[in-house]
Amino acid sequence: MEKDIKKVENNINKSATKSTNNKKDRIPNPLKGAGSGNNKGFNFYWVYGIIAVVFILLNLFSTSTPTDNLIQKGQLITMLRNGDVEKVIVVNKDEYAEVYVKSDKLESYPSLKTDNSPFEVRAPHFVYNGDLENFGETIQSVQENNNVYETDRVYIEHETRVDYTSQILSWLLPLGLIILFWVFIMRKMGGGAGGAGGQIFNIGKSKAQLFDGNLKEKITFNDVAGLAEAKVEIMEIVDFLKKPEKYTQLGGKIPKGALLIGPPGTGKTLIAKAVAGEAEVPFFSIAGSDFVEMFVGVGASRVRDLFKTAKEKAPCIIFIDEIDAIGRARGKNQMQGGNDERENTLNQLLTEMDGFTNNQGVIILAATNRADVLDRALLRAGRFDRQIHVELPDLNEREAIFKVHAKPLKTQKNIDLFSLAKQTPGFAGADIANVCNEAALIAARSNSKDIGKQDFMDAIDRIIGGLEKRNKIISPLEKSTIAHHEAGHASVSWLLEYANPLVKVTIIPRGKALGAAWYLPEERQITTFEQMFDEMTSAMGGRAAEEVIFGKVSTGALNDLEKVTKQAQAMVAYYGLSDKIGNISYYDSSGQSEYSFQKPYSEKTAELIDQEVHELAEKAYKRAVDILSKNIDKLKQLAEKLLTDEVIFTEDVEAIYGPRTFNDGTAHEDSRSISKDYKDGYAESEAKKKKHIEDRIKQQEESKKKAEAAKEETVKEETTKS
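Shown next as C-alpha cells:
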C-alpha cells in the first residue's frame, strides 16, 4: 500500500513540476477594480478645508450690521438736539438704523474726513445698532423736548433690503458641499473593488481572494512534509484539473469537493496553499467568518457572488477555511438570535454546491477542526465527496517536518532530527515550526554562531512547560513540598508497568507550574484499562507523597486532579470500562449534545456515573499512597536529591530505585536515551544561561557608568560657564 501511495505521489509531483515550469499569463483578479492598485487614498483634510472656506464665504457675503462709525444712543440724541441729522432709516424692521448727517454739518464730524476729500459724503454716515423697539418714539420725544422746528424734524423711514448674492451663496454653497461630500462617500464606499465586502455599497460582494500561479512566495506539495495519504488525495484533484482527459476517457468525474478534517496546526491550510501554488487554475480563498455580517441577507448574497465569479473562471477551486463558522447543524441552537441568518447562509451554500444550477469545473475545498458540528447535508456525497483526515504527525512525519523547518536555519552538523522527533510526541506541524523558531531565538540570545542540539531541547522545554522563573520567591517549606510532590510522581511512574516513561523532573518554576515531571508518552492507537489506570495512579503520586511525608495535602495538585477526573469520566461514560455502567457509551460523535440541555441518560444513571468516577479516582489515590508508603525512604532520598540539584534525570531515579522489572518496550529505551541527552546538555545549557545573565549585568553596569560620566561632564561644563 505504501509503495502504491509513493508511486502515485511521485507521478503527480513530476507532472506538477513540469506544469508549474510553463509560463502563463497572470490571471486577472475580478475581485479588484480598476481603481485599485497604486492610487493614493483621498485625503480627508480636503473636506475640512472646503467646510472652512464655505463658512468664511457665508460670513463675508451674509447681511450683517455694518461695523464702521457705530454710535451710541447718547451721541444720537446729541446730534438730534443740534439738528445735525438729515434722516434716519431703519433697515429690515429692527435690524439696525442708518443715520445721515446734513451736508452743511459735516465739518462738525472729523471722523468722516478721508485722504481724498476733506468731507467726502458717505452714506450712511453713522450706524446705530442698539435697541430699536421704541426707537421712533424716542427720537420724536427728544425733538419735541428740544423745540426742534417742524421743518427740521427727522422722521423714521423704514426700508427692506434683500442681498440676493448672499442668499444665493447661502443656498448654493451648502448644497454644493453636500453634493461634494456625497460623491466622496460614494467613491469611498464603492471603492471600485468587487471584493470590498466591508464597504457599505459592496456589502453583498464576496470577500474571497484570488490567487494565480505567479505568486512570489509559492508553496508547493514539496513544502508539505508528511501527510502522504492526504497529499495523494488532494494532488489527484489538482491532477484532474490539469489533465481531465486522463480521467474522463474512463467515464470518471472529478470530485465536487473535499473536506480537510483534523486538529489545529496539522497543516490543513498549508495543504490548501500548496494546492493554490500547484494548480494552474484560479484559486479563491475565503474564511468561513467572512460570510457573516451584522446585516440580514449578506451571507447568502456573498455566497451567490462567490459562486457567480467562480463559474465565470471555471475550472477553478474555492477554498473555505474554518467552514464550521457557517456550516453548523441547523436548528440545534435556537437560543442564539443570529441563528436564522447563519442557516440562510448555509442553505445558500448547499444550493450552490449541489442544487439545480450546474457548477461544472468548480471544486470546493474546505477545512475544519470541528467536523462533528457540521450539518449532515453539507457532508453528503455530491457536495463533499471526500473527507480527508489530517491527523497529528507520527514519528517519521515529525522528522520530515523538522527537516523542512530546520532547512533555512543555521544549525550544527551533529543535529539528530530523529531524536528531536522522538521528544515531541503529540506535536503538530505548527508546534514543530515553533520549536525551530524558538531554538533560533535561544541560540541568538546566547550569542551563538549556530543552533545546537541543546538549543532545540531548551526550545521544547520552553514550549511544553513555559519560561523558567528562577527568581520566583518560594519559601523553604513550599520548596520541600514541591520537591516531594514531584518525587512522588517520578517514583510512582517508575514503579508502574504502564505509566508513561520518565525523562526528567524539575522543581524550577516554569509558566504557572512550580515544578514538573517530563514524560515520553508512548504513541498508542488503542489503550487498555490497565494503561489508563496506571496513568491515573501516577498523576495521583504527587498528592499521595504529600500525605505520606507531611500528613496533609496542598492545592498544588489541581492540574493532576483535573486530569484524573476527566480520564475517569471518559473511562466510565465513554469507553465502557466500568463494571456497574457496563458496555455503554454516552459519547456523542456528532457533537449535537452541546446544543441540548438534556443528558442522554437518567438521573439515576448520572448518580451512578458520579459514584464510579469517584471510586476510580479514590482507588488510584489509595494505590499511589500504598506504593509510596512501602518506598518512603527512597522517596525521601529522591526528594533530597531534587532539592539539591533542582533537576534530576532517569539515571538518578534508576540509581535509587534500581532498574525497572517490567518488559518495557521501545518507549522506555527512547526515554533513557533522551534523558541522557538532557543530562549531558544540562551543564552546557546552565552555563549559557549564566553567561547570558552575567553579560546582561555587565552591560547594565557599563551603561550606568557611561550615564554617570556624562552627568559629571555636564556638571563640569556648567561650572566652567558660570
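Quick note on our numbering: the sequence shown kicks off at 21 and runs consecutively.
All C-beta atoms, glycine included, are put in the ideal place defined by N, C-alpha and C.
When DSSP states are grouped into helix, strand and coil, TYR677 belongs to the helix group. Judged by DSSP secondary structure, GLY277 falls within the beta strand (DSSP E) whose first and last residues are 277 to 281.
A straight line joining the alpha-carbon of LYS499 with that of LYS572 spans about 15 Å. As DSSP reads the structure, ALA387 sits in a beta bridge with LEU280 and ASP341.
The three-state secondary structure of GLN269, taken from DSSP, is coil.
By the Cβ rule, the region 562 to 580 counts as touching the region 634 to 653, because three or more pairs are nearer than 8 Å.
Between the alpha carbons of ALA345 and ARG418 lies a gap of roughly 30 Å. In the three-state scheme derived from DSSP, where H, G and I count as helix and E and B as strand, HIS178 is classed as strand. In its chain, beyond the 5 residues on either side, TYR606 and ILE629 have a beta carbon closer than 6 Å to the beta carbon of ALA593. Taking a contact to require three or more Cβ pairs closer than 8 Å, the region 534 to 541 and the region 491 to 510 qualify as touching. Between ALA588 and MET556, the CB-CB gap stays under 8 Å.
Taking C-beta separations shorter than 6 Å and ignoring five residues to either side along the sequence, the partners of ALA245 in its chain run ALA420, ILE421 and VAL424, following chain order. Counting along the chain, no alpha helix (DSSP H) covers LYS619, and no H or E run does either. ASP554 is a Cβ neighbour of TYR518, given a cutoff of 8 Å. The DSSP-derived three-state label of GLN587 is helix.
Following the DSSP letters along the chain, one finds LEU497 inside the alpha helix (DSSP H) bounded by residues 496 to 515. ILE239 and ILE343 have their alpha carbons spaced roughly 22 Å apart.
Spanning the alpha carbons of ASP697 and GLU671 requires a straight line of approximately 11 Å.
At a Cβ-Cβ threshold of 8 Å, PRO521 and HIS688 count as neighbours.
The shortest CA-to-CA distance from ALA387 to any of PRO284, GLU157, VAL110 and SER558 is the one to PRO284. GLU253 is positioned such that its CB atom lies closer than 8 Å to that of ARG406. Leaving aside the five residues that flank SER558 on each side, the residues in its chain whose CB is nearer than 8 Å to its CB run, in chain order, HIS509, VAL512, SER513, LEU516, ALA519, ASN520 and ALA644. Contact check between the region 260 to 267 and the region 430 to 440: fewer than three CB pairs, one atom from each, fall below 8 Å, which does not count as touching. In summary, VAL73 is exposed, with fewer than 16 beta-carbon neighbours lying within 10 Å of its beta-carbon over all protein chains present. The beta carbons of PHE304 and ALA278 sit no closer together than 8 Å. Going by C-alpha positions, TYR116 is about 60 Å away from VAL318. Approximately 15 Å separates the beta-carbon atoms of GLY297 and LEU247; this is outside 8 Å, ruling out the contact.
For ALA391 against ILE281, the beta-carbon gap comes to about 4 Å, under 8 Å, which counts as contact.
Each residue's CA atom was taken as its position, placing SER691 and VAL673 some 13 Å apart.
No Cβ-Cβ contact shorter than 8 Å links VAL105 with ILE176.
ILE188 and ILE198 have their C-alpha atoms spaced approximately 16 Å apart.
Within the DSSP secondary-structure output, TRP538 pairs in a beta bridge with LYS524.
Boundaries of the alpha helix (DSSP H) around ARG396: 396 to 399. The DSSP-derived three-state label of TYR518 is coil.
For a cut-off of 8 Å, the C-beta gap from ALA349 to ASP395 is around 5 Å, short enough to register as a contact.
Annotated three-state conformation of ARG350 is coil, per DSSP.
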